[in-house]
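Enquirer: Read in order, the letters of the sequence shown correspond to residues 1076 to 1173 in this note's numbering. Even for Gly, the Cβ is constructed at its ideal location relative to N, Cα and C. Take this structure, written in structure tokens, and hold onto it; I'll ask about it next.
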Amino acid sequence: LGERDFQSVASARKYAYKNTVRTLTRCDVRKQGNEFKIIIEGDAFLYKMCRGIVGTLTAVGKGKWRADEVPGLLVTKKRSLTGMNAPACGLTLHKVFY
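Below you can see the structure in the form of structure tokens.
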């Protein structure tokens, strides 16, 4: 949570980002039956950033990394070192705040 450079969990665009720093205000993971509900809130998002975060959290859940290692993965700014993008199916934009 907080202000960080999220380049390592975003997908590349045809153009370069001027700034890849974003602020996350919430990232909750809740188990609901056989499924998980992940709530991500922030001031703005990069292209496929939420899918990259969910993919990285999934890799943590599968034991690829410990949760305390994730901030170190973000610092690298290397997309290849974080989890794969979660597929779009099952991910829902619930609400937009202005």
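How would you write the range of the beta strand (DSSP E) that GLY1117 sits in, first residue to last?
Expert: 1110–1117
Enquirer: Taking all protein chains shown into account, decide if ASN1109 is buried (16 or more other Cβ within 10 angstroms of its Cβ) or exposed.
Expert: Flag for ASN1109 reads exposed.
Enquirer: Below 8 Å on the Cβ atoms is my contact criterion, and I expect VAL1129 with LEU1166 to pass it. Report the Cβ-Cβ distance as a whole number of Å.
Expert: 7 Å
Enquirer: Considering only the beta carbon of each residue, do SER1095 and PHE1081 sit closer than 8 Å?
Expert: The sequence given here places Thr at residue 1095; Ser does not occur at that position. Yes, they are a contact pair.
Enquirer: Kindly indicate which three-state DSSP category LEU1099 falls into: helix, strand or coil?
Expert: strand
Enquirer: So, under 8 Å CB-CB, ASN1160 and ARG1126 are touching, yes? Tell me the CB distance rounded to an integer number of Å.
Expert: At roughly 4 Å, the Cβ-Cβ gap stays under 8 Å, so ASN1160 and ARG1126 are in contact.
Enquirer: Using the DSSP secondary-structure output, state which residues sit across from LYS1153 in a beta bridge.
Expert: Answer is none; LYS1153 lacks a bridge partner.
Enquirer: Mind reading off the beta-carbon distance from LEU1148 to TRP1140? Whole number of angstroms is fine, and I expect it under 8 Å.
Expert: 7 Å
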